[in-house]
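Residue numbers (my numbering), protein chains in the order written: chain A, 1 to 321; chain B, 1 to 321. Heads up, the beta-carbon is just placed ideally off N, CA and C, and yes, glycines get one too. Since this is a predicted model, take the numbers as computed values, not measurements.
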């Protein structure tokens, strides 16, 4: 008879064929980054009721668990290589395992990112993925690399994931189409791997990060690490399709501090504008200029006319009371 | 005011000085394995009530969380390089964070293993560490490399961690000294990194793994992967100091299938016996020969006289009902 342990293994065991020297099944996996390449590493833990609702769709959860990690590679400009998965489960449910592994591997395969190791245990639902990518030495898009005079860019659109949350929480009434549209952005974020690679490989951008806790809070990390300030044009922020139908106050709030966007925020010299627009086109990723890095510390927010706005926005703190 | 999030960060932020190109604080850490070396990767997740008791001493838990991961590197023969830590905590308690980080870093520093990234979130207590090590290509001690005729070796002693569990569960009455001695083995396992390195570097061993779920079950993984069988002399198994004072039936059971030992089990050609004993001496690690790999499939257990024993032992299955 199959133990539950064997059952779980079944769903995560696949035919060999990745780039790992040794994959699942030994004490360690063995990776050999291409000659001369550095290894980028990131880890994210997703917890029920914190990062997703109890009873969340398993397939989407599989997608999102890996997507948020690939987004970290994208923000560094690294090419995905492999990942490990540690999973704590209250029970070994076939339907859940089938859905989760399907969503996970669909995204992994799309990025040539091989599952090379893992751990499963019984406990409260918890998903911890560590992802590995390759990057040319000196090409990584670091948070401390923004320079005064840089443009600030955003990939894709912002705020729809936050709009979906507002809908689920009944903070506002959304029509069915808007909620469905916004919910897709919340549950199945698209990691901007191709754009991140293009920016890093050709050294088009200076600093970058992925927006997970809200643009204002996350941009603050770049400003602090780079010891610079910025002016952000809140009305230039590209709103998600569902959010775009809401009023301007909500648009500003949710694009600037929504969270769960997994878009890239990056800075680049104005001389790179054409190249960046071309990279966006080549990788099928919308890119929008939304502000400017300045020597003066602090973050100044303005409207379309350049008039100051004070939204008292802060990034989303997982431990904020 | 410090948010809880900042508070946690404090305990895990340290002066720069490791071998990572880029450590904590960006979207990814950057690692550069030494030229020509492969990267060994392993991940382990520790859950309250499953891998440790609720209210477990934080310092010991910090030690053990990293120790079980370093033990996987040891079993591969890899040199520790760096690790990531993902932590889900019900609350940010200063005493707990101070103790946990102290235990964690004491062991990390002893092995020159740098914390390069992580994630913290609120949720049920869950500790997920992913560890990275370097290994010469072709030198890794893989589970599928055992050969008929190999000796089977064990590092250190077995069974004391299981004895402590029996004491805690009141399965048997232990005197205070025995319980304290056994408990040390359970709470602060010593990863056999130096021995693993010595075996791999000089290619003294063929197959290896670390014993986490009990010798019989874990040795089974080597036999299955290598398509061989074995005879194991249960009376040759080195018992922990506390277990050695128990009767022979309990000694056999707990050394053969105890679990939580984190000793190495490895196989090597008989021609390497002297070199292995010398490697054990050079690294301060006791090594004991306990059996033989054979072409005939299956695991045969015998007593000191070579008479067959049938203990119906099985490895510890985290999902066994």
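With respect to chain A, the C-beta atom of residue 41(B) has a partner C-beta closer than 7 Å. Rounded to the nearest whole angstrom, the CA to CA distance from residue 140(A) to residue 152(A) is 17 Å. Put simply, the backbone Cα of residue 232(B) is about 13 Å away from that of residue 222(B). In terms of CA proximity to residue 309(B), 252(B) leads the group 98(B), 252(B) and 51(B). Inter-segment contact for the stretch 105 to 122 of chain A and the stretch 147 to 165 of chain A is absent: fewer than three beta-carbon pairs are separated by less than 8 Å. Under the three-state reduction of DSSP, residue 45(B) is assigned to strand. Note: residue 38(B) is bridge-paired with 135(B) in the DSSP secondary-structure output. In the three-state DSSP reduction, residue 24(A) falls in the coil class, being neither helix nor strand. Approximately 28 Å separates the beta-carbon atoms of residue 271(B) and residue 191(B); this is outside 8 Å, ruling out the contact. In this structure, 239(A) is the residue among 113(A), 300(A) and 239(A) with its C-alpha nearest to the C-alpha of residue 178(A).
Residue 284(A) carries a coil assignment under DSSP once its states are collapsed to helix, strand and coil. Taking 8 Å as the Cβ-Cβ cut-off, the stretch 95 to 127 of chain A approaches chain B at 116, 117, 118, 119, 120, 121, 122, 123, 124 and 126, given in chain order. The DSSP assignment places complete alpha helix (DSSP H) segments of no fewer than 4 residues inside the stretch 211 to 299 of chain B at 215 to 226, 248 to 257 and 273 to 282, in order along the chain. Residue range 79 to 89 is occupied by the beta strand (DSSP E) that includes residue 82(B). Nearest to residue 131(A) by alpha-carbon distance, out of 119(B), 58(B) and 261(B), is 119(B). Note on residue 181(A): 16 or more other CB atoms within 10 angstroms of its CB, so buried under the neighbour-count rule. Listed along chain B, no residue sits closer than 8 Å to residue 150(A) by beta-carbon distance, the nearest being about 17 Å off.
Distance from the CA atom of residue 94(B) to the CA atom of residue 24(B), rounded to whole angstroms, is 21 Å.
In this structure, the beta-carbon distance from residue 243(A) to residue 159(A) falls below 7 Å. Of 48(A), 259(A) and 234(A), the smallest CA-CA separation from residue 304(A) is found for 234(A). Put simply, of 42(B), 69(B) and 85(B) the residue whose alpha carbon is nearest the alpha carbon of residue 9(B) is 85(B). For residue 162(B), not one C-beta of chain A is nearer than 7 Å to its own C-beta. Under the Cβ distance rule, residue 212(A) does not count among the residues neighbouring chain B, no pair being separated by less than 7 Å. Annotation: residue 101(B) to residue 128(B) spans about 14 Å, alpha carbon to alpha carbon.
In this structure residue 116(B) is in contact with residue 29(B), their Cβ atoms being roughly 4 Å apart against a cut-off of 8 Å. Neighbours of residue 29(A) across chain B, judged by C-beta separation under 8 Å: 40, 41 and 42. Less than 7 Å divides the Cβ of residue 88(B) from the Cβ of residue 123(B).
Per DSSP, reduced to three states, the secondary structure at residue 125(A) is coil, with no helix or strand assignment.
For residue 88(A), the residues of chain B that pass the 7 Å Cβ criterion are 45, 47 and 126, in the order they occur in the chain. Between residue 114(B) and residue 18(B), the beta carbon gap of about 3 Å places them in contact (Cβ cut-off 8 Å). Counting the other CB atoms within 10 Å of its CB gives residue 172(B) a total below 16, which places it among the exposed residues.
Using a Cβ distance threshold of 7 Å, residue 229(B) and residue 296(B) count as a contacting pair. Using a 10 angstroms sphere on the CB of residue 227(A), the tally of other CB atoms stays under 16, which defines it as exposed.
Neighbours of residue 22(A) across chain B, judged by C-beta separation under 8 Å: 140 and 142.
Taking all protein chains in view, the Cβ of residue 53(A) is surrounded by fewer than 16 other Cβ atoms within 10 Å, so the residue is classified as exposed.
Rounded to whole angstroms, the separation of the alpha carbons of residue 126(B) and residue 92(A) is 18 Å.
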